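Residues 5 to 965 (my numbering) make up the sequence shown, in order. Idealized CB from N, CA, C, for every residue including glycine. Here the structure is a predicted model, which means the values were calculated and not measured.
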Amino acid sequence: MGGQRGRWRNDSRREGRGSPPPRKRSRWTTTRLRECWRNFRRVSNRLRKRRGRRRRRVRRRRRRSLIFPWTISRRFSRRIPDSEGRRSGARKARYTEAKRGDIPWRGGCLGLVTSEPTPESAKRILENSTGFSEQAVLEGARTGRGIGPSRNLSTTEFPRHLSRILFEPLLKEEFSLSDEEAFLNGVVEEIRKVTGAGAVSILLKEARSERETFLLRATAGLNPDCVGRTRIVAGEGISGEAIRLRRTLVSRNVHEDGRYLLRRETGEERFQGLIAAPLVRGEKSIGILVFHYEDGTRIDENQERMISVAVEQLVFALEGAALARLAARRHRVLAALNEVASLVGSSLSVRDVIEQLARRALTIIGVEALLIRLLEPLTGRLVPAASRGRFPSGSALPTACDVDTSLPGQSVIRRQGVVFENPSRASEDPFYAQFRNVLLVPILGRTRVIGTLELFNRIHRETRTPDRFDEYDLRVMSTLGTAAGQAYAKADLYAEIEAVALNYRRRNKELSFLNKLSRQVLGSLSEEEILHVILTGITSGHGLGFNRALILLVDDEGRNLCGRFGIGPTTEEVEGIWKEVPKRYRTLEDFFESVEYSDLEKSPFNRLVVSLSFPLSDSRSLLARVISERRAFNLRNVSTLMGIDGQLARAVGLESFTAVPILTRELAIGVILVDNCFTRRPIPDSDLTILQTVANHCGMALEGARMMEQIQSAARKLETTTAKLVESERLAAIGEIAAGVAHDIRNPLTAIGGFTNRLARRLPEGDPGFRYVEIIRKEVRRLEKLARDVLDLASAQKTPSRRVVINKLLVQWYETNAEILKEKRIRMEIPEEQFTVPGDPILLGQAVTNILTNALEAIGEDGIIKCRITEQDSAKEGRATGVCLEITDTGGGMPEALRNRIFEPFFTTKTEGTGLGLSLALKAVRAHGGEIDVAARENEGTTFRIFLPHGEIEESAPDEV
Numbered sequence: 005m006g007g008q009r010g011r012w013r014n015d016s017r018r019e020g021r022g023s024p025p026p027r028k029r030s031r032w033t034t035t036r037l038r039e040c041w042r043n044f045r046r047v048s049n050r051l052r053k054r055r056g057r058r059r060r061r062v063r064r065r066r067r068r069s070l071i072f073p074w075t076i077s078r079r080f081s082r083r084i085p086d087s088e089g090r091r092s093g094a095r096k097a098r099y100t101e102a103k104r105g106d107i108p109w110r111g112g113c114l115g116l117v118t119s120e121p122t123p124e125s126a127k128r129i130l131e132n133s134t135g136f137s138e139q140a141v142l143e144g145a146r147t148g149r150g151i152g153p154s155r156n157l158s159t160t161e162f163p164r165h166l167s168r169i170l171f172e173p174l175l176k177e178e179f180s181l182s183d184e185e186a187f188l189n190g191v192v193e194e195i196r197k198v199t200g201a202g203a204v205s206i207l208l209k210e211a212r213s214e215r216e217t218f219l220l221r222a223t224a225g226l227n228p229d230c231v232g233r234t235r236i237v238a239g240e241g242i243s244g245e246a247i248r249l250r251r252t253l254v255s256r257n258v259h260e261d262g263r264y265l266l267r268r269e270t271g272e273e274r275f276q277g278l279i280a281a282p283l284v285r286g287e288k289s290i291g292i293l294v295f296h297y298e299d300g301t302r303i304d305e306n307q308e309r310m311i312s313v314a315v316e317q318l319v320f321a322l323e324g325a326a327l328a329r330l331a332a333r334r335h336r337v338l339a340a341l342n343e344v345a346s347l348v349g350s351s352l353s354v355r356d357v358i359e360q361l362a363r364r365a366l367t368i369i370g371v372e373a374l375l376i377r378l379l380e381p382l383t384g385r386l387v388p389a390a391s392r393g394r395f396p397s398g399s400a401l402p403t404a405c406d407v408d409t410s411l412p413g414q415s416v417i418r419r420q421g422v423v424f425e426n427p428s429r430a431s432e433d434p435f436y437a438q439f440r441n442v443l444l445v446p447i448l449g450r451t452r453v454i455g456t457l458e459l460f461n462r463i464h465r466e467t468r469t470p471d472r473f474d475e476y477d478l479r480v481m482s483t484l485g486t487a488a489g490q491a492y493a494k495a496d497l498y499a500e501i502e503a504v505a506l507n508y509r510r511r512n513k514e515l516s517f518l519n520k521l522s523r524q525v526l527g528s529l530s531e532e533e534i535l536h537v538i539l540t541g542i543t544s545g546h547g548l549g550f551n552r553a554l555i556l557l558v559d560d561e562g563r564n565l566c567g568r569f570g571i572g573p574t575t576e577e578v579e580g581i582w583k584e585v586p587k588r589y590r591t592l593e594d595f596f597e598s599v600e601y602s603d604l605e606k607s608p609f610n611r612l613v614v615s616l617s618f619p620l621s622d623s624r625s626l627l628a629r630v631i632s633e634r635r636a637f638n639l640r641n642v643s644t645l646m647g648i649d650g651q652l653a654r655a656v657g658l659e660s661f662t663a664v665p666i667l668t669r670e671l672a673i674g675v676i677l678v679d680n681c682f683t684r685r686p687i688p689d690s691d692l693t694i695l696q697t698v699a700n701h702c703g704m705a706l707e708g709a710r711m712m713e714q715i716q717s718a719a720r721k722l723e724t725t726t727a728k729l730v731e732s733e734r735l736a737a738i739g740e741i742a743a744g745v746a747h748d749i750r751n752p753l754t755a756i757g758g759f760t761n762r763l764a765r766r767l768p769e770g771d772p773g774f775r776y777v778e779i780i781r782k783e784v785r786r787l788e789k790l791a792r793d794v795l796d797l798a799s800a801q802k803t804p805s806r807r808v809v810i811n812k813l814l815v816q817w818y819e820t821n822a823e824i825l826k827e828k829r830i831r832m833e834i835p836e837e838q839f840t841v842p843g844d845p846i847l848l849g850q851a852v853t854n855i856l857t858n859a860l861e862a863i864g865e866d867g868i869i870k871c872r873i874t875e876q877d878s879a880k881e882g883r884a885t886g887v888c889l890e891i892t893d894t895g896g897g898m899p900e901a902l903r904n905r906i907f908e909p910f911f912t913t914k915t916e917g918t919g920l921g922l923s924l925a926l927k928a929v930r931a932h933g934g935e936i937d938v939a940a941r942e943n944e945g946t947t948f949r950i951f952l953p954h955g956e957i958e959e960s961a962p963d964e965v
């Protein structure tokens with residue numbers, strides 16, 4: 005078979021036909037192979053378990069010999085001497101010598117063969133072992149736990165023992181600073197025991213010092229009070245030189261070494277030898293491990309390995325401790341941060357977000373005080389919103405500050421956290437000068453900076469000593485600021501939504517009120533009714549609900565602000581009215597329909613308001629400013645008001661009030677004043693809008709009412725003018741006829757007058773016919789005067805522009821009628837100051853003469869004629885535009901019906917006269933561009949006001965007429 009198979013293989017290779025066909029395996033072969041494989045696995049597993057048990061036994065023995073040195077291993081127990089003390093080999097001899105105390109015992113462990121040592125045997129053990137006290141030896145033997153490893157642990161046992169001491173404490177869930185102190189104290193104690201040094205110390209680098217300094221953190225053998233106080237600077241002393249050179253330095257006699265720097269507070273002067281081993285990791289300096297010996301020491305190879313192992317494992321352990329502490333800190337910070345974020349994020353109130361942030365932020369990192377500022381978008385200022393913690397006593401209070409110039413503004417501009425270790429150097433604000441350090445982080449919202457979070461005076465969380473802010477603090481608080489900003493933005497959005505909903509409800513109420521008010525106002529045509537409706541809506545509980553309201557309107561001359569109407573209860577009526585009104589009036593319409601305005605007009609408050617009148621000449625007055633500036637004022641304290649504003653406040657009893665102008669298209673015609681003197685509810689600025697809207701409705705309604713009144717007045721004037729026009733046309737026709745008649749009459753009258761004069765000269769005075777001649781002459785003169793007046797009235801007159809002195813016209817009339825005035829005991833007052841106007845002295849003299857003659861005839865006897873001349877001001881131009889002559893008599897006056905007709909031609913109430921005197925006077929004055937007004941009441945005298953404008957004077961006219 006084998007040969008055939010081989011030949012076939014060779015042939016197949018030569019022919020290139022590939023591999024031979026598969027060979028079939030019998031069932032017996034397969035079963036046998038499976039059984040062999042199972043047996044092999046069973047045996048190998050058994051051997052593996054046996055080897056594992058053996059290894060575990062060995063490890064237990066080694067661990068027992070390390071942890072419990074007084075426990076004797078099995079192997080050594082077989083060499084325990086019998087009752088006769090027999091031993092075999094070299095180990096027997098060494099044990100015997102050790103028992104006698106001739107040589108120290110250097111086995112893997114030191115065991116006792118007796119049940120409990122005696123003081124003598126303990127002393128002998130102490131002589132041959134590593135620095136354990138007699139009491140420790142006795143206690144270790146009594147409890148069976150031992151006293152720890154001997155100083156002569158092998159180089160293979162020492163790393164395992166030291167690693168267990170170094171790394172077991174780091175496995176705690178939270179490694180705190182107190183755990184680290186206990187850990188370092190245990191490490192130096194164990195190293196001192198193992199190495200046999202008199203003292204062992206660990207100095208660790210201070211992370212936040214300006215110089216490279218190392219602080220004593222743990223010691224065994226030196227003064228423990230120096231822990232946390234003694235410092236070594238790199239390069240100072242043997243220890244500082246070791247860390248600077250980054251290698252181990254040995255000094256057998258430090259007192260003779262020039263590099264040595266003695267620190268008596270540590271008690272190290274009793275030691276002679278010193279070994280300084282730097283603790284470094286790459287380029288990073290961690291600390292210094294220092295050994296002190298009472299006598300000069302020499303490092304052998306074994307001790308050098310142990311020190312090297314101790315340094316290396318200590319470096320790893322310190323880094324592990326730092327990482328463990330950092331992990332514990334981060335775990336605590338993240339837990340607190342998560343709690344704060346959840347609490348802040350669950351609040352929907354902006355104020356609650358700020359309060360929760362201020363209350364919880366102090367629990368995250370150790371600080372003395374905390375301040376939260378909010379950024380006002382409109383003013384760009386950071387305003388203090390909340391604070392927590394302990395600020396320095398008597399410290400300056402935080403104030404609002406600008407973003408561009410303040411210390412917290414830098415974090416807002418950068419949109420990231422900032423740390424200042426000495427803030428007094430970076431800011432002149434006295435508030436920041438009182439702190440050691442400050443951390444500023446912005447509170448970031450979705451699209452803008454909301455404010456800043458400020459933390460002052462970092463302190464260590466466990467030791468409560470001053471500390472510095474680090475990058476981790478900055479990252480943590482920045483994260484908190486972002487979370488708080490998002491929560492604030494959410495709460496702000498929720499508050500904004502609520503404000504929008506509230507605003508919509510308020511607007512709906514206001515629009516409903518304005519709709520009802522406007523409908524009621526549009527149905528009112530009189531000014532009084534409009535004022536009643538407006539003030540009712542302002543003071544009604546279904547309306548704006550103010551306690552009191554009053555309206556002041558500008559008078560026709562625009563000089564004074566006069567009270568027109570007011571609604572408000574007295575102190576005694578308040579309680580009864582507020583209880584009765586809600587029962588009687590369900591809606592605002594009910595209030596409008598049911599209220600009796602006549603009762604309101606009789607109220608004491610309305611009578612007080614109607615009696616008020618204030619001049620608008622003082623531009624500094626608040627009332628005048630409301631009118632002139634056309635804007636509302638919301639005054640919350642009236643104690644500072646002076647002048648007419650103070651008079652108003654005292655008269656009405658105002659403590660705080662709001663004044664809004666009543667506006668028309670061009671002018672402010674009045675003021676609406678409201679207050680809450682009974683409820684003491686402050687009037688917010690948001691109410692100014694609705695009040696101004698109501699005032700605008702009032703202004704439009706008043707303007708409409710006045711326009712309606714003007715239209716009605718214009719209609720009446722139009723009727724009067726039409727009647728006058730008809731009458732004037734009639735008079736014009738009569739005048740033309742009269743002028744023709746007067747012209748035709750003047751010629752015969754002239755002849756009759758001439759012949760009458762001739763007859764009067766020829767007849768003697770005692771002749772009876774002389775009296776008839778005088779009557780004819782008198783009537784002729786009267787007819788001539790009538791003819792002249794008629795011709796003057798009908799003819800158009802052209803007035804020359806000459807300088808006319810008004811005072812001289814009065815004096816000429818007085819001199820002419822002096823005898824008559826004296827007979828009738830009438831006194832005439834003429835002003836001394838001279839006033840001149842351009843005009844025709846004859847026409848002006850005729851007008852003055854006619855008016856003074858009427859005054860003389862109206863007085864009769866025992867009276868006064870007062871003449872007053874003033875410059876007439878124009879309200880629009882603000883300058884003198886003419887002269888006003890007032891002539892007032894103390895006669896009987898005249899009724900209004902007669903006053904409207906006195907300037908009609910041929911109208912007279914006297915038995916004599918033509919009725920053309922005042923008509924001619926009016927014509928003469930109007931020919932000069934002036935006007936005559938009459939003010940008269942029956943039995944109270946009459947006043948004529950003659951207004952003559954200034955104008956140009958002809959160059960050829962004389963200086964004075």
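Check: Whose C-beta lies closer than 6 Å to the C-beta of ALA553 among residues of the same chain, with five residues either side of it excluded?
Finding: For this step, residue 553 is matched to residue 549 along the sequence shown. Listed in chain order, the non-local C-beta contacts of ALA553 below 6 Å within the same chain comprise LEU539, ILE542, THR543, ILE571, VAL678, local neighbours out to five positions each way being set aside.
Note to self: Quick check on TRP41: buried or exposed, where buried means 16 or more other Cβ atoms within 10 Å of its Cβ?
What the structure shows: For this step, residue 41 is matched to residue 37 along the sequence shown. Exposed, because fewer than 16 other Cβ atoms sit within 10 Å of the Cβ of TRP41.
Next item on the list: Please state whether DSSP places ARG685 in a helix, a strand or coil.
Entry: Here residue 685 refers to the residue found at position 681 of the sequence shown. Coil at ARG685, not helix or strand.
Margin query: Can you give me the C-alpha to C-alpha distance between TRP74 and GLU193, rounded to a whole angstrom?
Written below: Taking the first residue of the sequence shown as position 1, residue 74 is located at position 70. Taking the first residue of the sequence shown as position 1, residue 193 is located at position 189. Note that TRP74 scores a pLDDT of 37, beneath 50, so its modelled location is shaky and nothing firm can be said.
Item checked: Three-state secondary structure (DSSP) of THR874 -> Along the sequence shown, read from residue 1 onward, the residue named residue 874 stands at position 870. Three-state result, THR874: strand.
Next item on the list: May I have the straight-line CA-CA distance separating ARG807 from ALA655, to the nearest angstrom?
Entry: Taking the first residue of the sequence shown as position 1, residue 807 is located at position 803. Taking the first residue of the sequence shown as position 1, residue 655 is located at position 651. Approximately 52 Å, taken between the alpha carbons.
Margin query: My assumption, with CB atoms under 8 Å, is that GLY370 sits in contact with ARG465. Please give the rounded CB distance.
Written below: Translated into the one-based positions of the sequence shown, residue 370 becomes position 366. Translated into the one-based positions of the sequence shown, residue 465 becomes position 461. Sure, about 4 Å apart at Cβ, within 8 Å.
Next item on the list: Look up GLY989 in the DSSP assignment and say whether it is helix, strand or coil.
Entry: Given a span of 5 to 965 for the chain in the structure shown, any question on residue 989 remains unanswerable.
Note to self: Pull the bridge partners of GLU865 from the DSSP assignment, please.
What the structure shows: Numbered from 1 along the sequence shown, position 861 holds the residue referred to as residue 865. Looking at the DSSP assignment, GLU865 forms no beta bridge with any residue, so it has no partner.
Check: What is the rounded straight-line gap between the Cα of ILE447 and the Cα of THR486?
Finding: Position 443 of the sequence shown, counted from the first residue, corresponds to residue 447. Position 482 of the sequence shown, counted from the first residue, corresponds to residue 486. Approximately 6 Å between the Cα atoms of the pair.
Check: Which two residues bound the contiguous alpha helix (DSSP H) that contains LYS520?
Finding: Position 516 of the sequence shown, counted from the start, is the residue given in the question as residue 520. It spans 475-526 - the alpha helix (DSSP H) in which LYS520 sits, taken as one unbroken run.
Notebook entry, point to check: Between which two residues does the alpha helix (DSSP H) containing SER415 stretch?
Noted result: The residue given as residue 415 occupies position 411 in the sequence shown. Per DSSP, the unbroken alpha helix (DSSP H) holding SER415 starts and ends at 411-418.
Note to self: When you compare the CB positions of THR199 and THR234, do they come within less than 7 Å of one another, or not?
What the structure shows: As a first step, residue 199 is located in the sequence shown; it is residue number 195 there, counting from the start. As a first step, residue 234 is located in the sequence shown; it is residue number 230 there, counting from the start. No, Cβ-Cβ distance for THR199 and THR234 is not below 7 Å.
Note to self: Taking 7 Å as the threshold (C-beta atoms), are GLY239 and ARG248 in contact?
What the structure shows: As a working note, residue 248 is residue 244 in the sequence shown. As a working note, residue 239 is residue 235 in the sequence shown. It is a contact, given that the beta carbons lie within the stated cut-off.
Check: Apart from the five residues on each side of it in sequence, which residues of its chain come closer than 8 Å, Cβ to Cβ, to SER298?
Finding: The count along the sequence shown starts at 1 and reaches residue 298 at position 294. Contrary to the premise, residue 298 reads as Glu rather than Ser in this sequence. So the list reads GLY202, ARG274, PHE275, GLN276, GLY277, once near-sequence residues are dropped.
Next item on the list: Under 8 Å by Cβ, that's how I've got LEU856 and ILE891 pegged, so tell me the actual separation to the nearest angstrom.
Entry: Translated into positions along the sequence shown, residue 856 becomes position 852. Translated into positions along the sequence shown, residue 891 becomes position 887. The Cβ separation is near 7 Å, so the contact holds.
Notebook entry, point to check: Between ALA400 and PRO434, which are expected to be in contact by the criterion C-beta below 8 Å, what is the C-beta distance as a whole number of angstroms?
Noted result: As a working mapping, residue 400 is identified with position 396 in the sequence shown. As a working mapping, residue 434 is identified with position 430 in the sequence shown. The Cβ separation is near 5 Å, so the contact holds.
Notebook entry, point to check: Roughly how many angstroms separate the alpha carbons of GLN524 and VAL453, rounded to a whole number?
Noted result: The sequence position of residue 524 within the sequence shown is 520, counting from 1. The sequence position of residue 453 within the sequence shown is 449, counting from 1. Straight-line Cα distance between these residues: approximately 50 Å.
Check: Counting Cβ pairs closer than 8 Å, one from the region 935-945 and one from the region 825-839, do we hit at least three?
Finding: Not touching, per the Cβ criterion.
Check: Buried or exposed: which applies to THR2, given that a residue is buried once 16 or more other Cβ atoms fall within 10 Å of its Cβ?
Finding: Since the displayed the chain opens at 5 and closes at 965, residue 2 lies outside it and no answer follows.
Next item on the list: Keeping to the same chain, check which residues put their C-beta closer than 7 Å to that of GLY867; ignore five residues upstream and five downstream.
Entry: As a position in the sequence shown, residue 867 is number 863, starting the count at 1. Closer than 7 Å at Cβ, skipping near neighbours: ILE830, ASP893, THR894, GLY895.
Checklist line | the region 837-851 contacting the region 920-932, beta-carbon criterion three pairs below 8 Å | finding: yes
Notebook entry, point to check: Using the beta-carbon count (16 or more within 10 Å), is GLY44 buried or exposed?
Noted result: To locate residue 44, count along the sequence shown from 1; it is residue 40. According to the sequence displayed, residue 44 carries Phe and not Gly. By the 10 Å Cβ count, PHE44 comes out exposed.
Note to self: Whole angstroms are fine: how far does the CA of LEU706 sit from the CA of MET712?
What the structure shows: As a first step, residue 712 is located in the sequence shown; it is residue number 708 there, counting from the start. As a first step, residue 706 is located in the sequence shown; it is residue number 702 there, counting from the start. Note on geometry: alpha-carbon atoms of MET712 and LEU706 lie some 10 Å from one another.
Checklist line | Under the three-state DSSP convention, the category ALA362 falls into | finding: As a working mapping, residue 362 is identified with position 358 in the sequence shown. DSSP places ALA362 in helix when its eight states are reduced to three.
Next item on the list: Could you tell me whether the Cβ atoms of ALA997 and PHE395 are closer together than 7 Å?
Entry: Nothing can be reported for residue 997: it is not among the residues displayed for the chain, which extend from 5 to 965.
Checklist line | Extent of the continuous alpha helix (DSSP H) to which ALA653 belongs | finding: Residue 653 sits at position 649 when you count from the first residue of the sequence shown. It spans 647-656 - the alpha helix (DSSP H) in which ALA653 sits, taken as one unbroken run.
Next item on the list: Count the other CB atoms, across all protein chains shown, that sit within 10 Å of the CB of HIS335; report buried if there are 16 or more and exposed otherwise.
Entry: Start at 1 with the first residue of the sequence shown, and residue 335 comes out as number 331. Answer is exposed; the Cβ neighbour count stays below 16.
Checklist line | Outcome for PRO845 when other beta-carbon atoms lying within 10 angstroms are tallied against a minimum of 16 | finding: Taking the sequence shown and counting its residues from 1, the one referred to as residue 845 is at position 841. It is buried - the Cβ of PRO845 has at least 16 other Cβ atoms within 10 Å.
Item checked: Member of THR668, VAL815, ALA653, SER615 whose CA lies at the smallest distance from the CA of SER625 -> Residue mapping note: residue 625 aligns to position 621 of the sequence shown, counting from 1. SER625 has its Cα closest to that of ALA653, out of THR668, VAL815, ALA653, SER615.
Next item on the list: Would you mind sorting GLY150 into buried or exposed? The rule is 16 or more other CB atoms within 10 Å of its CB.
Entry: Indexing the sequence shown from 1 puts residue 150 at position 146. Caution applies to GLY150, whose pLDDT of 41 falls short of 50 and renders its modelled position unreliable; the value that the coordinates give is listed next. Burial call: buried.
Checklist line | Simplified DSSP state of HIS296, which is helix, strand or coil | finding: The residue labelled residue 296 in the question sits at position 292 within the sequence shown. If DSSP states are grouped into helix, strand and coil, HIS296 belongs with the strands.
Notebook entry, point to check: Rounded to whole angstroms, how far is the Cβ of ASN680 from the Cβ of PHE618, which I believe are closer than 8 Å?
Noted result: Sequence index remark: in the sequence shown, residue 680 carries index 676 (1-based). Sequence index remark: in the sequence shown, residue 618 carries index 614 (1-based). Contact flag wrong, Cβ pair sits at about 23 Å.
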